[in-house]
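Everything on this sheet refers to the single structure shown next.
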Amino acid sequence: MIKDAYVQYQSRKAAKDQFDAMELLPGRVKMERNVHYIDDETAAMNLHLALMMAVLEDGLWQ
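Each residue of the sequence shown is one higher than the one before, counting from 7 in our numbering.
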């Protein structure tokens with residue numbers, strides 16, 4: 007347990023996008039210190055970047 011750790015999401019979609027990004031790249035998507043709020047746009051961009059990285063690393067673009 008991390009003391010005083012919490013994050014609020016703007017919406018359920020923001021939370022889902024963020025967790026989907028973390029599942030795509032296990033152990034590589036990390037929360038920065040003192041991040042307590044993630045909005046829809048930030049979560050969507052994190053997911054987009056994770057999807058791009060997964061595709062490039064798996065060679066699916068070839």
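We treat Cβ as the ideally placed atom computed from N, Cα and C, and that holds for glycine. Quantities reported herein were computed from a predicted structural model and do not represent experimental measurements.
1) Mapping DSSP to helix, strand and coil, what is D16?
2) Can you tell me the Cα-Cα spacing of N1 and A20, whole angstroms?
3) Would you identify the three-state DSSP class for M7, choosing helix, strand or coil?
Let me spell this out:
1) Position 10 of the sequence shown, counted from the start, is the residue given in the question as residue 16. First, the residue type needs correcting, since residue 16 is Gln and not Asp in the sequence shown. Looking at Q16 - three-state DSSP - the assignment turns out to be coil, as it is neither helix nor strand.
2) Since the first residue of the chain shown is 7 and the last is 68, residue 1 is not available in this structure.
3) Stepping through the sequence shown from its first residue, residue 7 is reached at position 1. Annotation note: pLDDT 47 at M7 (below 50); position unreliable, no value reported.
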